[in-house]
Amino acid sequence: MNRTLTKPFTDDMVRPVMSTTVWFWAIVLATGTVVASGAAAWGYQLWYGIGLSGKRWPGFWALYLTNFVFWIGISHAGTLISAILRLVNAGWRRPVTRVAEVITVFALMIGAMFPIIHLGRPWLAFWLFPYPSAREIWPNFRSPLAWDFFAINTYLTGSVLFLLLPMIPDFALVRDRSTGWRRKFYGALSFGWRGTTRQWNRLESAMQIMAIAILPVAVSVHTIVSFDFSMANVPMWHSTIFGPYFVAGAIFSGIAALILAMAALRKALHLEKYLLPLHFENLGKLLLLMSILWGYFVFNERLTVWYGNEHHEMAVFWATQRGQYAPLYWTMVICNFIIPIALLSNPYTRNIIGCVVASFGVVIGMWLERFLIIVPSLAHKALPYSWGTYTPTPVELMIMAATFAAMILLYALFAKFVPIIAIWEMKAGDFAHAPRQGLAAADPHRIDAAAPASPEAAS
Amino acid sequence: MSAIYGLYSDPNVAQVAVNNLRAAGVPDADITVISSEPFEHFEFGHRDARTAMPWIATAAGAAGMVATYYLLGLSQHAWPLVTSGMPVAPLWTNLIIIFEMTMLSAIAATVITLIVTAFIGERGTLYDPEVSDGYILVGVEKTGDAGKLESALKIDGGRVKSI
Amino acid sequence: MPFRWGMAIDLNACTGCEACVTACHAENNIPTVSAEQASRGRAMHWIRVERYYEGNFPDVRVKFRPVLCQQCDNAPCEAVCPTYAAHHNEDGLNAQVYNRCIGTRYCANACPYNVRFFNFFNAEWPKPLHLQLNPDVSVREVGVMEKCTFCVQRIKAAKTAARAEHRALVDGALQPACAQACPTSAIVFGDLNDPDSRVARLARSPRGTRLLEDLGAEPKITYLQKQPWHEPDAY
Amino acid sequence: MDRRHFIKLTAITGTSAALTACGNPENQVIRFIPEDDLVPGVATWKPSICPLCSAGCGVIARVMEGDAEVFRKGQAGVIRMGLAKKLEGNPEDPISQGKLCARGQAAIQITYHPDRIGNPRKRSGERGSGQFTDITWDEAIKELTGKLNALTAGNDQASLAFLTKPRRGRRLELIADLLQRYGARPPVTSELFSDEVLRRANQLTFGEHQLPTFDLANARYVISFGADFLGTWHSVVLQSVAFGRMKQGRPKFVHVDARLSQTAANADEFVACKPGTEGLLALAIAGEYAVDAAAEKTGVGRATIERLTKEFTTHGPAVAIIGGAPLAHTNGLFQAWAVNRLNLAAKTVGNPGGLTFAASAPVVATRSLKELLDVPPRVLLLDDVNPVFTSPPAWKVAEALRRVPFIVSFGSFIDETSALADLIVPDHSFLESWVDAAPETGTAPRSKYGPVMRPLYDTRSTPDVLLQVAAGLAKPIPGLPGTFEEYVNAERPEENRVQHVPPGAKPRELANTRLTIAWTDPQFDGDTSQYPFHFMPYASQMLFDGSLAHLPWLQETPDPMTSAMWCSWVEINEQKARELAIEQGDIIEVTSTQGSVRAPAFLNPGLAPDAVAMPVGQGHTNFTRYATNRGVNPISILAPVTIPETGTLAWSATRVKIAKVGDKQTYDSLILFGGATRERPDWTHGRGDEH
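Protein chains in written order, with our numbering: chain A, 1 to 459; chain B, 1001 to 1163; chain C, 2001 to 2235; chain D, 3001 to 3691.
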């Protein structure tokens, strides 16, 4: 039996790690400049005070917390989706998982920075950590912000490990193909990985357990983020729908971010052979489903408020529906509902371009959703004399822009140092487009040889 | 000569090599199979599959849960400050942290088990960089009867090397 | 028996004159934030007089309502603070420990009365305005939440003095700055645990209501509702 | 005191000690010997009198030890001394009764104001350029003495004029006495919101040239004609305390006005009345004017007048109050007289629940600003007054002052008027000097108090400076006291600080009960067709007539009715504004025959649709860092209409037109503390967001 080795595929995957293009430096330079400006803006804010942001009485939370929720939402792209797909053993997940998991890790890091940027005295942020800081007083574990710490900490730890563990065999591949400092560097990163069956089995078991454990954690993280709002007795915050609403929104924006990242990588790293229209179409279907789910949640939320007609909540309701925030609100509805449904329910537009356009809309729409949850509610609390408003300042916008740039920068760097598609998973998947001849079903020694070929393998 | 091994591009052939070694009287524990991908559909990929990892994770999760419950209570009663008329150690809110710590304990235990069993526990040194090109390595590190082993490994579609 | 400080505000008597607002600034070292910052919503008034118009000219009415920290029994602001900067003290007050505050501003969100204010910048007192600062009240740093304390420095001083002289606190002798300044004596302060104190009696008044009572925060300020005048023989 | 500063001071002290040891006497900050015997951290209370308005509220100042940078004999240094920390109402004072208004609370900032003048100065640049050089007190007094000697030499003593605020008390008595003995004419008083016409009416009706005192605590029916007696008019704290007592019962309070002022906001019933016709309504209620005719002129419904009449006569004791805008018309005397008739009809004059007059204190003869402007003096002494700011442009006060050859200012701050001075000889603040007051209210006390704290700067008490100058004249004035302290205490011993004066004899209507003042229609400047809105400037609750605009606390305390801070605004009726497509915050140009001002709009549901109101107080062009170039001054568009009988300004007799000249997006100049103006905003129109 003559079987082509996986060498050409592995070479394809390892190539970006080995050679550097001008584009890489251009991206690093451009995004790096924006990140540096954002860092400078933060330094400026640290020096003079949080007053350089646009926050005011009574809207004490605004753009930074919007970005916090937004980025934590984006982080649900990866680990959660990857874990679900891993558990249901969806074969088409294989080229997607690492792309997604990286989003999780970086988005979580960026998102977790915002509560600190947002603090009045960020130099004391470590008082949030669970240790008896001042006069032997521990943090108040009744505060949703303490829950945030635990939830984000668990999720970030889990996600980083979930991303790192499957990278070890790929580091070993790079190690074997490189010389000089790279060989030492990747040799160290691969922890002496050889690829014995024992190692493979342990790795697979660990990934399976982690996938099971990380799913409820991911759900809990965004539920707890929603608790930051729903625990406070603020009009249109104090709602039981917030947990699932936030989780659904998070997955929604996460998938959109994943589609955008995949499209960008596909172009930049020439992965057209591996990231196929099929992947976009499958993710597009998922995005369509989440869009409908999102619309369902929004309708639920709005209907109960409108029907309840409680005047504190109606103030927020009308402010978003036809008042000061109406333009943002209706933009959000168009971006999150109308555009995705129009583009993705039609098989002719559910192509790569259609998915990218819809995802772009969803990312904008979901950002607006977070903004519209935070700002109008705080501006319209129970006593109308204390109503306020909010306009972002350049410092806030600069820091926000820097986080978007940081995401691109981190992603570019990651793709530079790590094969962005899990090579061994691709190989193991018997994925139809993995460059290997001979169908698995023809292998007489396969233990599942009698089973029919999986549909994705056939396609 | 400390080890002898064959390199196979086809997992079916590798399976035959493993079977041959077994027939040659090599105990399963002495047969080393190295590949650049898991072969979960082949018998040789299922040797060593048994692991206590899920039980360790469950136990660690349970331990984390109990420990967090008591640590939270202790720290809250260490300086019982009243807020919002709530109890000093309210179970409702503590449950959230207990849950997170349970999961973190389980994840940590899984990773530690992995490191101990798959990295620290690995004593073999047999390796060939050609594995990264897709070859499957089947070999034996403790060489007794070298000729017998070599004939077991030397099958169509494979190369035998020894070091 | 510990104290349980409370307040009653007679809306019949409140004329909206804002004497309480300025008195509070003078007593509690509340900075003025400048016109530019005030236009950006950073003005701090621990007590404010809410004004609501009703009707249109000429059938127009106005309602004044002084709003300050309600020192709730079940204060929503306290539980959400991760550092215990906001907590309940033994006198039933919502204490705010400035040194422990890291500025999450969560307490201000949770407070339905919007009576918490934030130091967006370090306050400035151009010389020699700083000589007026009350040495009994700490000056707050940038990034710290602050709010009405029921003039806790006066409470502390009165309690210390009473203990030193082995006597009980007399009802009405101890007043926060707002109550002391109020020209119409609309603000009454005292111990709710003493059933004979003026404030306890007013708290039981049939005219007494609590602000946003349905939210369940159990505020300790009783508002005596405004009574419209009517012909005495209408009854 | 903030800790940072304290540490810095300690450091300075340490350094100076080291410097002294090195024998380098220059450039050092000296720690003076403590002057007071104070226990650190323990407060003592010292009485004084609030100087901000003529009410003369007794205050107590909380004094605690602190380190102050002070000036002594031309040298700067640090001294540990008693510092006033807070003002409270003096519980033993019959006026304040332990209470204090917002303005009084902020009076302490005068002493500690960063822009306060700390030493004598002499003009060095062009007049009005604001360039001054520091001089010593000896030079300043020599200069002033020389000018007065020159007048004496030219036998032109009448060309010395003293311009001050109308404050009754020993201070003004001493000044008037000095002027008279020098040979000058009586002091000139200047006040924008003058109640002279009310005093004139009381003179005619009751024979008392005074403002009345109201026994609100015992009144059961109060009808106020425009009098902002809980906010800015007359003795606010005294009236508010009485109002609070009155509200313990079930009284009715009716307010008649064209604008819902802060006082009106407390009324049980608000009666809208055409400006300048309030007197007719009063007469009609008193039964001395035909109801139909009154209804037609005032715009108040017949049924309302009849009901008010019935209530007024049946629910006594009843009292009527007039003040503010209704008196600031050309027919102000009629208006005041008509309300006096109503009080007589209520039969409560001199009785519980009615009005009384304080026992007559010696009245100092004064002259009006108009007299001063007509005949400019050769030497003008300014005593903390700002007529340049508080006079309509047509009076040309600044121009008149520029023609005065020599102006001396005693005020503590540079303002529009004192910027024209040639010599500035700053007074102590009230906390640093002997104060006394003889308010014209109720059991008018004569109270006097010594200084609360030692001076921060190289300032001197104005009466003492005047006495020193008088003693040094070429032709000395004999028999003068050495100091103001001596003069204050000469009348009665020092211990007797508060002298309670029993009320004067029960006021009776004068014999000429038949005295009638004929109704005349109020005269307005500006044609109705061209200037359709009646212009209502009013005393700002916080900044009063603008003399308090330099106090940051008052700038930042929200206005009770609008919640505005740090700014000017134009009030327009809410519905009228909707008709004119004007939104809250839009920039409005208000134009009269005299000129125009621009300010953001505030949509006021409590203002007559044909009126436009603006608070007085902002619009200073030169008045410390906190007030300069902030907002606009509505006085600058007032027409020079005067009340014929008194010659005072009829500040409510101007008509204006308005035009929207910018929207709120471009100019964010309306600074409001509060959000919505209504508790249940109307969302059906997509409104409710008031920002």
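The beta carbon of each residue, even a glycine, is placed where N, CA and C say it ideally should be.
Report task. Answer yes or no: do aspartate 3228 of chain D and threonine 3277 of chain D have a C-beta to C-beta separation smaller than 9 angstroms? Result -> no
Query raised in the report: Does DSSP classify histidine 2087 of chain C as helix, strand or coil?
Result: strand
Query - Within-9 angstroms CB hit, glutamate 3026 of chain D to chain A - result: Unreliable placement is indicated for glutamate 3026 of chain D, whose pLDDT of 41 sits below 50; the coordinate value is still reported in the next sentence. No, because no Cβ of chain A sits closer than 9 angstroms to the Cβ of glutamate 3026 of chain D.
Report task. For chain C, find out if any of its Cβ atoms is closer than 9 angstroms to the Cβ of valine 3632 of chain D; answer yes or no. Result -> no
Requested in this report: Check the C-beta distance from valine 395 of chain A over to alanine 41 of chain A and give it rounded, since I have them as a contact under 8 angstroms.
Outcome: 5 angstroms
Requested in this report: Could you name the residues of chain B that aspartate 2136 of chain C contacts, counting a contact when the two beta carbons are closer than 7 angstroms?
Outcome: Within 7 angstroms Cβ-Cβ: nothing; aspartate 2136 of chain C doesn't reach chain B, min ~24 angstroms.
Requested in this report: Return the chain-ordered list of same chain residues with a C-beta closer than 6 angstroms to the C-beta of serine 3409 of chain D, the five sequence neighbours on each side being excluded.
Outcome: Leu3382, Ser3418, Ala3421, Ile3424
Query - Residues in the segment 1074 to 1095 of chain B having any Cβ partner in chain C nearer than 7 angstroms - result: Leu1081, Val1082, Thr1083, Ser1084, Gly1085, Met1086
Query raised in the report: Who are the Cβ neighbours of serine 494 of chain A in its own chain at under 7 angstroms, not counting the five residues just before and after it?
Result: Residue 494 of chain A lies beyond the stretch modelled for chain A, which goes from 1 to 459, so this question has no answer here.
Query raised in the report: For alanine 2095 of chain C, which of C:Ala2085, C:Lys2156, C:Arg2061, C:Ala2123 has the nearest alpha-carbon?
Result: C:Ala2085
Query raised in the report: Between C:Arg2042, C:Gln2180, C:Gly2172, C:Trp2229, which lies nearest to alanine 2201 of chain C when the distance is taken from Cα to Cα?
Result: Reading off the sequence shown, one finds arginine at residue 2201 of chain C, where the question assumed alanine. Comparing Cα-Cα distances from arginine 2201 of chain C to each of C:Arg2042, C:Gln2180, C:Gly2172, C:Trp2229, the minimum goes to C:Gly2172.
Query raised in the report: For tryptophan 2005 of chain C, which of helix, strand or coil comes out of DSSP?
Result: strand
Query - Interface residues of chain C facing serine 3240 of chain D [CB-CB closer than 7 angstroms] - result: Thr2015, Cys2017, Pro2183, Thr2184
Query raised in the report: Along the chain, which unbroken stretches of the alpha helix (DSSP H) at least 4 residues long are found entirely within the segment 138 to 209 of chain A?
Result: 144 to 164, 167 to 177, 180 to 189
Query - Opening and closing residue of the beta strand (DSSP E) in which proline 3537 of chain D lies - result: 3533 to 3539
Query raised in the report: How close, in whole Å, do the beta carbons of leucine 3052 of chain D and glycine 3104 of chain D come, if the pair is a contact with beta carbons under 8 angstroms?
Result: 6 angstroms
Query raised in the report: In its own chain, which residues sit with a C-beta less than 8 angstroms from the C-beta of proline 3609 of chain D, not counting the 5 before and 5 after it?
Result: Asn3573, Gln3575, Lys3576
**Report entry** Candidates B:Ile1031, B:Leu1081, B:Met1086: closest to glycine 1139 of chain B by CA position
**Finding:** B:Ile1031
Report task. With 9 angstroms as the C-beta to C-beta threshold (strictly closer), list the residues of the segment 378 to 395 of chain A near chain D in chain order. Result -> Ala379, His380, Leu383, Pro384, Tyr385, Ser386, Trp387, Gly388, Thr389
Report task. For my contact list, valine 3656 of chain D and phenylalanine 3544 of chain D are in at a C-beta cut-off of 8 angstroms; report their separation, rounded to the angstrom. Result -> Rounded, the Cβ-Cβ distance is 22 angstroms, inconsistent with contact.
Query raised in the report: the ligand ADP heavy atoms versus the CB of valine 3256 of chain D: any closer than 8 angstroms?
Result: For the structure depicted, the ligand ADP is absent and the ligand set is empty, with no information on it obtainable.
**Report entry** Rounded C-alpha distance that separates lysine 2226 of chain C from leucine 2192 of chain C
**Finding:** 22 angstroms
Query raised in the report: For valine 3452 of chain D versus proline 3047 of chain D, is the C-beta spacing smaller than 9 angstroms?
Result: yes
Query raised in the report: Within this structure, are the beta carbons of valine 3222 of chain D and proline 3251 of chain D separated by less than 9 angstroms?
Result: yes
Query raised in the report: Whole-angstrom Cβ separation of glycine 158 of chain A and valine 102 of chain A, contact assumed at under 8 angstroms?
Result: The Cβ separation is near 15 angstroms, so there is no contact.
Report task. Take the Cβ of alanine 3219 of chain D as the centre, count every other Cβ of all protein chains shown within 10 Å, and call the residue buried at 16 or more, exposed below. Result -> buried
Query raised in the report: Would the segment 78 to 93 of chain A and the segment 119 to 132 of chain A be scored as touching if the rule is three or more Cβ pairs under 8 angstroms?
Result: no
Query raised in the report: Would glycine 73 of chain A be called buried (16 or more neighbouring beta carbons within 10 Å of its own) or exposed?
Result: buried
**Report entry** Per DSSP, cross-strand counterpart(s) of proline 3047 of chain D
**Finding:** D:Ile3060
Query - Coarse secondary structure for lysine 3247 of chain D, derived from DSSP in three states - result: coil
Query raised in the report: Do the CB positions of serine 1084 of chain B and glutamate 2078 of chain C come within less than 9 angstroms of each other?
Result: yes
Requested in this report: State yes or no: is the C-beta of alanine 3564 of chain D within less than 9 angstroms of the C-beta of phenylalanine 3535 of chain D?
Outcome: no
**Report entry** Selection of the segment 107 to 121 of chain A by Cβ proximity to chain D, strictly under 9 angstroms
**Finding:** none
Query raised in the report: Looking at chain C, which residues of the segment 3548 to 3569 of chain D have a Cβ within less than 9 angstroms of any of its Cβ atoms?
Result: Pro3552, Trp3553, Leu3554, Gln3555, Glu3556, Thr3557, Pro3558, Asp3559, Pro3560, Met3561, Thr3562, Ser3563, Met3565, Trp3566, Cys3567
Query raised in the report: Is methionine 3614 of chain D near proline 3634 of chain D, with beta carbons less than 9 angstroms apart?
Result: yes
Query raised in the report: How big is the Cα-Cα spacing for glutamate 2090 of chain C and glutamine 2071 of chain C?
Result: 12 angstroms
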